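A.B. asks:
In this note's numbering, the protein residues as written are 2 to 159.
1) From this set, 31, 69, 97, 66, which residue's C-alpha is nearest residue 143's C-alpha?
2) What are the complete beta strand (DSSP E) segments, minimum 3 residues, inside the stretch 69 to 100?
3) So, is residue 14 buried or exposed, given that buried needs 16 or more other C-beta atoms within 10 angstroms?
4) Touch check for the stretch 2 to 18 and the stretch 92 to 102: three-plus C-beta pairs under 8 Å?
5) Are the Cβ atoms of residue 12 and residue 106 separated by less than 8 Å?
6) If you reduce the DSSP assignment to three classes, tell me which class residue 128 lands in.
7) Do you know whose CA, among 39, 54, 125, 5, lies nearest residue 140's CA?
8) Using a Cβ-Cβ cutoff of less than 7 Å, which residues in the same chain neighbour residue 64 once the five nearest sequence positions on both sides are dropped?
9) Can you have a look at residue 28 and say buried or exposed, based on whether 16 or more other CB atoms are within 10 angstroms of its CB?
10) Would residue 111 be called buried (16 or more neighbouring beta carbons within 10 Å of its own) or exposed?
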C-alpha cells in the first residue's frame, strides 16, 4: 500500500469508521451525542461542542492547503467556537466535521507519495507527512477527551 493511502485510511479510521486504536471514532461518538451533552460544561474542561469545533477548525484549514489554498489558520483562534444555541446547530457542526474528514482523507489519498517528505507550506512547519501524522495524533487526543467528557456528563444532560 502506498503511504498516502495508508495515511488516508488512518484518517478515516479516527474520524469515520475505525475502532482499532480507541475502539470508537468521531462519527460514532458525535452522532450519539445529544445537543445537551455537547454544550454541558464540566468544571473547567472544554465542552464536546467546543472540541468538535476545534478539530474541525484544523481540518478545514488544512484541507484548504491540500486544495491549493493558503495556510490561514492560527492556534490562537482554534477554540473560538460560537455558542451552540440549538440542536440543529450541533447537528450541522457534526455533519460539517464528518464532511471535512472525508474530503481531507480523499485529498490525502490523492497526494503523490513524493510530496509527503516535502515541506508543508514552509520548512518551519515540517513535512506533509509530519503534519498529517500530527492531525491523526491530535484527533485521537481530543477524541479521548470527548469520550471522557461524555462519561462525566452521563445521562444528566440527556
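Even for Gly, the Cβ is constructed at its ideal location relative to N, Cα and C.
Here the structure is a predicted model, which is why all the values come from computation and not from measurement.
C.D. replies: Let me lay it out:
1) 31
2) none
3) buried
4) yes
5) yes
6) strand
7) 54
8) 101, 104, 105, 108
9) buried
10) exposed
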